[in-house]
Every structure is written in C-alpha cells, then in structure tokens.
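Asker: So that we are looking at the same thing, I have put the structure below in structure tokens.
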Amino acid sequence: MDHIEWGSLPFGYQKTDYNVRSYFREGEWGKLEISSSEFVSVHMAATGLHYGQQAFEGLKAYMGKDGKVRLFRWEENAKRMQDSANGIMMAVPPSELFKEAVFNAVRLNKDYIPPYGTGASLYIRPLLFGSGARVGVKPADEYLFLVFVSPVGPYFKEGFNPVSIMVSREYDRAAPKGTGKYKVGGNYAASLKIGEIAHHEGFASVLFLDANEKKYIDEAGPANFFAIKGNSYITPLSESILPSITNKSLMTLAEDMGLKVERRKIAIEELSEFDEVGACGTAAVISPIRRIADVENGTEWNYCLDGKAGEKSSQLYHRLIDIQYGDAEDKFGWTTVVDL
Ligand SMILES: Cc1ncc(COP(=O)(O)O)c(C=O)c1O
C-alpha cells in the first residue's frame, strides 16, 4: 500500500486491497466472496444498467484514541438498504449478510482506516444491483451485493465551516410518491444537473423543495435539512426525502440537550425565522449553512453572521462525533466495535 496523507484526503474513491461480494441466484444468497479486483463483470442486459435496479448505502468506521474501530449504527443502514431493495423490487440482503460483508470489508482493509485525530475515516459503500438480464421492464432474478471501502476526508472542503446553498426551483430530485425515500441511484441522477449548476455558481449544494407545491423544504442535496429556532430543532417531514441516520441521531441528541424536536413541513418563508440552519448526513455530519439563495425569486437568507457555525449546531456536531470516535460515552448504544 502506498503512503497516504491522512490529513489531506479528499472525500473520494481510493483503491484499497479487497471488497466482498455475494450473488443472489436461484432464490438464495451465495457465500460471501472476497475479491481483490475493483471491477465487476456485468451482463449487458442487467436491470441495474437499464431499469435503475440499484441501491447503495454509506456508513463509516472510525478509529478511536483507544485504538478501537467503531461502526456507527450499521443496523440502520442494513434496514435502509432492505427498504430500498423492497421499494424497487430487488432481492433483500438479510441483516446477517449485510453485517458479515461490512465487518469483513473493514477487517480486510484495516490498514486503510485513518488514524485518530486526522479528521478522516473509512467510508463503507454497500452496493446492490440487478445483475440478471432482462429486456422487458421487469425485476431481475439475479442480484449482486457488494461492499467496498475507501478512506475519506471531509465531504465539504470547508470542513465544519458554514457553506452557501442554492434553492432549486427548476429541478426536483424525487416525486412525492416516488423513490425519494430510498437510497437508489435514480434520485442522485436527477440531482446531478442542478448540483453542477450550483457548483458552477459557487454554491456548495442545493436545497430541494417539495416537488408538488414548491412551498416546503425537502432536502439539502445529499443531506437532510435542519434548523434551530429558539429552543427547537426543526426538520422536514416529507415522504420524498431519505430518512437520514445522522438526522435521526441528531434528533435524539437534541432532545437529550433539552431541545424540542419538531418534525413537520417547513415552508420556505420560515427561513427568515431560524437562528441556525444546517445540512446533515454521514459524509459531512453537519454542514452549517451561512447563506441560502433563492435566485429565481431574488431572495436570500443569511446566517452565521460572525462567520462561525451556530452554538447549537456546534454542540450537536461535537456530541455526535465524540460518540462516533469513542471520545464520549455511547449512551444510546449506537456504536459497534469491530474486532480486527
Ligand atoms: C439524499 C440524501 N439525504 C440524506 C442523506 C443523509 O443520510 P445519512 O445521515 O444516513 O447519511 C444522504 C446521505 O447518505 C443522502 O444521500
């Protein structure tokens, strides 16, 4: 393995030594196989290529000061992948298989787990897709479930520094009764064009509104949205957003800090009433937001006027990462130590 500059890792793909794979064939999942190839051989008529039968997950392994490697709420990722699989008619990987694959992928690549204190972690990417051939629009009868890992640095180059985002009015990522609540590739494909436009205009990400009325806040690019107003933690209730495990954890921590948690529709006009706003997800944990621009409507909202993240967002961020890295008591039982 080449020397890795842990402190300056991007959030990107980095080759590691192994990945693990299991095929679903003739109605059952096969034994987990270890592979050292970065490639998969796929039938040209696979439904994963044609009809979007594809789902993925993202979670991280964190190296603690105590030398222990912890996974954060992997059972929630297993459940969400199962929901995604059910949602688009794919074979469902059982939790035991998910666990075996994730833990083995970490163990086999233990040299790539970034050391404590570098701000980096080992990103774990479970992937499931229809590998069976079909020409008519029908679910496949064969699937491949694989897990690879990659050491990563922070998602936003700004780190835990406030970012600017742009309201998307011309593009939706998901329909109200569509696949927005599943982690399937199609949702991300739908977000790419506006994402690129936003980057080109100097924004870190996009704020999607509800596709039906364009009145309510849905998600912030590949992250959930939350706001702090007085003593409340407010986050959208919507059937077209991904149920974020980070957001679920922040809601628990917010309650534990004595905040009131409100999960409800958030009208875009409410942005003027919030003290702090942020995006949350595995990749960035929390990205505090300093500016939201609704370019088409000529409106913008500004936060973090002193240039720093808000007080409650900072507290939530530190509480969560301290649990993930094993620096604080895991009082909710969220982490699992991986025996290396
Ligand atoms: C669309 C979308 N929303 C929200 C999230 C955050 O979810 P989680 O906190 O489980 O990573 C992600 C990333 O995983 C995402 O892709």
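Sequential numbering of the sequence shown, starting at -17, is according to the numbering used here.
We put the beta carbon where it would ideally sit given N, CA and C, even for glycine.
#1: I need the straight-line Cα distance from Asn91 to Gly40, nearest angstrom please.
#2: Report yes if the C-beta of Cys262 is less than 7 angstroms from at least one heavy atom of ligand 1; otherwise report no.
#3: Have a look at Leu14, His181 and Glu244 and flag the residue whose alpha-carbon is nearest the alpha-carbon of Val84.
#4: What does the alpha-carbon distance come out to for the pair Phe207 and Arg273?
#5: Let me check one thing: in DSSP terms, what residues is Leu298 bridge-paired to?
#6: Roughly how many angstroms separate the alpha carbons of Arg89 and Tyr(-5), rounded to a whole number?
#7: For Ser254, collect the residues of the same chain with a Cβ closer than 7 angstroms to its Cβ; drop the 5 residues on either side in sequence, then sort them by chain order.
#8: Does Val2 pass the burial test, meaning 16 or more other C-beta atoms within 10 Å, or should it be called exposed?
#9: Would you tell me roughly how many angstroms separate the C-alpha atoms of Leu128 and Val24, rounded to the nearest one?
#10: Under 7 angstroms: does the beta carbon of Asn279 sit that close to some heavy atom of ligand 1?
#11: Count the C-beta pairs between the segment 104 to 122 and the segment 234 to 249 that are closer than 8 angstroms, then say yes if the count reaches three, no if not.
#12: Quick check on DSSP: helix, strand or coil for Tyr164?
#13: Suppose contacts are defined by Cβ-Cβ distances below 8 angstroms. Is Tyr150 in contact with Leu104 by that definition?
#14: Assess contact between the segment 256 to 269 and the segment 206 to 225, defined as three or more Cβ pairs (one per stretch) separated by less than 8 angstroms. Is contact present?
#15: Which of the three DSSP states, helix, strand or coil, is assigned to Gln36?
#16: Please report the distance separating the alpha-carbon of Asn59 from that of Lys(-3).
#17: Can the beta-carbon of Ala87 be found less than 8 angstroms from the beta-carbon of Val131?
#18: Please report the distance separating the alpha-carbon of His32 from that of Asp309.
#19: My guess is that Ala157 and Ser222 are in contact by the Cβ rule of under 8 angstroms, so how many angstroms apart are they, rounded?
#20: Taking the runs of the alpha helix (DSSP H) that are 4 residues or longer, which of them lie wholly in the segment 62 to 100?
#21: Check the DSSP bridge columns for Cys262 and list the partner residues they point to.
#22: How would you call Leu219, buried or exposed, if buried means at least 16 neighbouring beta carbons within 10 angstroms?
#23: Please classify Leu302 as buried or exposed, where buried requires at least 16 neighbouring CB atoms within 10 angstroms.
#24: Counting along the chain, where does the beta strand (DSSP E) carrying Ala43 start and finish?
#25: Just confirm the distance between the C-beta atoms of Ala205 and Ala261, as a whole number of angstroms; I'd bet it's less than 8 angstroms.
#26: Below 8 angstroms on the Cβ atoms is my contact criterion, and I expect Ala27 with Val119 to pass it. Report the Cβ-Cβ distance as a whole number of Å.
#27: Give the single residue among Gly34, Glu78, Lys197 and Pro(-8) whose Cα lies nearest to the Cα of Asp279.
#28: What number of angstroms, rounded off, separates the C-alpha of Ala266 from the C-alpha of Ala291?
Answerer: Considering the structure as presented:
#1: 16 angstroms
#2: yes
#3: Leu14
#4: 13 angstroms
#5: According to DSSP, Leu298 bridges with nothing at all.
#6: 18 angstroms
#7: Trp283
#8: buried
#9: 13 angstroms
#10: no
#11: no
#12: coil
#13: Checking the displayed sequence, the identity of residue 150 turns out to be Ser instead of Tyr. No; because the gap between Cβ atoms is not below 8 angstroms, this pair is not in contact.
#14: yes
#15: strand
#16: 23 angstroms
#17: yes
#18: 45 angstroms
#19: 7 angstroms
#20: 77 to 90
#21: Asn206 and Ile268
#22: exposed
#23: buried
#24: Leu41 to Met45
#25: 4 angstroms
#26: About 12 angstroms; that fails the 8 angstroms criterion.
#27: Note that residue 279 is Asn in the sequence shown, not Asp. For Asn279, the nearest C-alpha among the options comes from Lys197.
#28: 14 angstroms
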